[in-house]
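>
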Amino acid sequence: MALVKLFGKKEEKSKNVAKERLKLVLVHDRADLSPKFLEMIKGDIIRVISEYVDIDEEGLDIKLTRMKRDVDNTTISALVANIPIIKVK
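The sequence shown maps to residues 1112 to 1200 in this note's numbering.
1. Would you call the CB atoms of I1197 and V1159 closer than 9 Å?
2. Tell me which residues share the same chain as E1169 and place their Cβ nearer than 7 Å to its Cβ, disregarding the 5 neighbours each side in the sequence.
3. Looking only at its own chain, which residues have a Cβ that is under 8 Å from the Cβ of I1156, when we skip the five neighbours before and after it?
4. If you reduce the DSSP assignment to three classes, tell me which class D1181 lands in.
5. Can you give me the C-alpha to C-alpha distance between M1238 and N1184, rounded to a whole angstrom?
6. Using only the alpha-carbon positions, how far apart do L1149 and D1181 sit?
7. Could you compute how far the alpha carbon of M1112 sits from the alpha carbon of G1154?
8. How big is the Cα-Cα spacing for P1146 and S1161?
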């Protein structure tokens, strides 16, 4: 019975990962940015920030998303980064 629960959770996790990946692909298409370009940006961000702080690269989360601007309510692409800092150098 415990194995069924374990596999069920794994399936649910895979479902969520696939859903997030699909959302990311759709946002990339709308912003005309390739996944390779986003990976290049991610690498540059890691390199620059690592000069000042030690970061947890496993917990690093960089996404391209859509948001509305407060000024004129237009929808724009936005790069959102969540970077866990271990310690300042």
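Every residue gets a Cβ at the ideal spot worked out from N, C-alpha and C, and that includes glycine.
Predicted model only: the values in this text are computed from it and were never measured.
Taking the geometry as given:
1. no
2. none
3. I1173, A1192, I1194
4. coil
5. Outside the displayed span of the chain (1112 to 1200) sits residue 1238, for which this structure offers no information.
6. 25 Å
7. Reliability fails at M1112, whose pLDDT of 45 lies under 50, so the model's placement of it is uncertain and the value that follows must be treated cautiously. Spanning the two alpha carbons is a distance of roughly 43 Å.
8. 22 Å
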